[in-house]
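Accompanying notes for the structure given below.
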Amino acid sequence: EEHSSITFYQTLTYNEMTTPLEEIPKVRAELLESFLSGKTRPISYRKHQLTQLGYLVKDNAERFREALASDVGRPYLETDFLELNSILSEVDLALKNVDKWARPDYPPFSPEWFLMRPKIRKDPKGVILIISPFNFPLMLSLCPLTSAIAAGNTAVIKPSELSPATTALMAELIPKYMDPDVVRVIVGAVPETTKLLELPWDHILYTGSGRVARIILSAAAKHLTPVTTELGGKNPVFVDKSADLKLTARRLLWGRFTAAGQICVSPEYVLVTKETEGPLIKELLETYKQFYNDDPEKSDSFARIVSVPHANRIKRLIDETKGTIIAGGKTDTENRYIAPTIVRDVKADDVLMADEIFGPVLSIMTVDTMDEAIAYVNRHDNPLALYLFAQDEEVKNRVFDNTRSGACVLNEVLLHFGAKNLPAGGIGPSGSGVTKGKWNFDEFTHFRSSLESRGWIDTIFLGKRFPPYTDAKRNF
Ligand code: NAD
């Protein structure tokens, strides 16, 4: 029976799986009902669902690799490293820690208050809506789902219409592995999301662009729904004269060209002084050759752009830049191919410096001093990630202490996003609130203050609070 249902789902295309609009309010009502039934409260139940989620990913790893290859031309190694492993490690972390995370906290002992047993309960919020983008369609749906379940909530996932194969696969597998009373997938694009946003949720986690985040936040305001936003921006890379330039080039190009630059924490542009620019470029070009053997189009280690319109958008930027292209530049937008491209002499008013590129183009901008670089970053939206390559400790402190960003990373790129127990989140225009591990558990948890007061307490001291308020009762 199980097998016949698999065949049945596989014959459905993404379009056939689109959730009918009239279903959407019912989905929310059903999830609210099962939340209120108390079904998700026992930790044993949450652990069972988390285990099922782990198996969902493990059992179907090959199909997910194929789906991501079809959606974004992603090499299998990148899918394993950046999506599958991240989810399994989040599930594992939640399974090992959910007992501890869900335990109440107690405020520090206070002689005036301890008799009332002050306590902070970790109550689930209710029904969580998770809206995710195309670029990590699996990880950015299932990692937050892990937290939602661990925290005892029910949840809806709305993955991106731009990653149809992965979205359809999640929609097929989730009802097979997980309790449909507790987790549901909505398949659809703007109309379905708009319908979802008309409803009151207990929390929304939105991962995507700042443009759409404004729509989400306005809709949420109508219901006073709390929202976590995980957004993007232009992530700067400071390369100091003290940097190990070989290492810088290797890590920087890997970070910029992984997933063809479609990563929210992708290093976007380099800020470097004139004296260091030349030696850095030499190392970048050597590394480029090592990675792609001068023909990235034939490489198995380079992904594609999610859609033809996005590829055209990036091509236009490459065509219009006034900087000098020193590597790549070739495009085949029908096949969603944009070569990994390096552009030097990029000026602040260049098209490449206007918006987040979300593609494999690395811009190099020269500055006179590191302080000028700091000032440049501070004049723009706070980025999600800020990178620095340097050996000199003084520079590290100067750059990190005088800038703002979601995360700041020395001599490394991207990896902070996967690091266990580090919060992932932006500041201001790059997002608000945090995800990953206990941080995301807490985001989906209501810290519910609680007191339990017994009658005899009034006979010892707190009796003075009751009228009539005589002078004798005053004790200031
Ligand atoms: P997007 O904002 O276009 O889409 C994200 C989600 O919003 C999708 O599920 C989509 O269906 C929905 N959506 C799109 N238009 C909508 C509308 N008008 N009304 C309601 N819902 C709508 O983002 P994207 O292009 O898929 O992803 C790229 C962006 O996501 C980049 O800016 C990137 O930096 C950011 N991002 C951030 C993180 C992070 O963790 N901070 C991670 C990945 C991506």
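The numbering of the sequence shown is the working numbering, which starts it at 3 and goes up by one. Think of the CB as a built atom: it goes at the ideal place given N, C-alpha and C, for glycine as much as any other residue. The structure presented is a predicted model; accordingly, all values stated were derived computationally and were not measured.
C-alpha distance - residue i paired with residue j, whole-angstrom precision
i	j	result
L55	A341	36 Å
E4	L171	Note on E4: pLDDT 40, under 50, position unreliable in the model; the coordinate value appears next. One C-alpha to the other measures close to 16 Å.
T323	Q51	50 Å
F10	E174	A caution first: F10 carries a pLDDT of 40, below 50, which makes its placement in the model unreliable, though a value can still be read off. So the alpha carbons of these two residues sit roughly 10 Å apart.
H448	P106	11 Å
D302	S211	29 Å
T335	Y294	19 Å
V239	R406	13 Å
S268	V93	25 Å
E285	Y108	54 Å
D204	L147	14 Å
T343	G331	5 Å
P27	L142	24 Å
P166	Y16	6 Å
K121	S451	6 Å
I130	A157	5 Å
S7	A152	Only weak support exists for where S7 lies, its pLDDT of 37 falling under 50; the coordinates are left without a value.
G325	V369	15 Å
T437	D181	23 Å
L453	F463	17 Å
I188	E24	12 Å
E396	S244	11 Å
T196	V59	29 Å
S72	E232	25 Å
L70	K49	28 Å
G280	A375	17 Å
Residue(s) in a DSSP beta bridge with residue i
i	result
D107	I122
Y339	D334
L388	C410
Y208	I133 and T231
A157	I130 and V185
I327	V345
F240	L273 and L390
S162	BP columns for S162 are empty, so no partner.
T2	No information on residue 2 is available, as it lies outside the stretch 3 to 478 that the chain covers here.
S2	As displayed, the chain neither begins before 3 nor continues past 478, which places residue 2 out of reach and without an answer.
Three-state secondary structure assigned by DSSP to residue i
i	result
F10	Note on F10: pLDDT 40, under 50, position unreliable in the model; the coordinate value appears next. Of the three classes helix, strand and coil, the one that applies to F10 here is helix, per DSSP.
G361	coil
A377	helix
C266	coil
V272	strand
L417	helix
T368	strand
V129	strand
E3	Low confidence applies here, because E3 scores a pLDDT of 35, under 50, leaving its location unreliable; read the following figure in that light. E3 falls in the coil class under three-state DSSP.
T447	strand
I344	strand
S309	coil
G457	coil
P431	helix
F468	coil
A245	coil
S301	coil
T405	coil
A426	strand
A152	helix
H225	helix
Residue-chain proximity (residue i, chain B), Cβ-Cβ < 8 Å
i	result
A104	Looking for chain B here will not work: only one protein chain is present.
Beta-carbon separation (whole angstroms), residue i vs residue j, contact threshold 8 Å
i	j	result
T209	F66	Not really, about 18 Å apart at Cβ, beyond 8 Å.
N237	L386	6 Å
V310	R338	6 Å
M355	L273	No, M355 and L273 are not in contact; Cβ-Cβ is about 11 Å, not under 8 Å.
L282	V241	6 Å
F304	F360	So it is not a contact: roughly 16 Å between Cβ atoms.
I265	L416	7 Å
The ligand SAM heavy atom lying under 7 Å from the CB of residue i
i	result
P362	Looking at this structure, you won't find the ligand SAM anywhere; what it does contain is the ligand NAD.
At what residue ranges does the region 29-111 contain a whole run of the alpha helix (DSSP H), taking only runs of 4 or more?
45-61, 63-74 and 87-104
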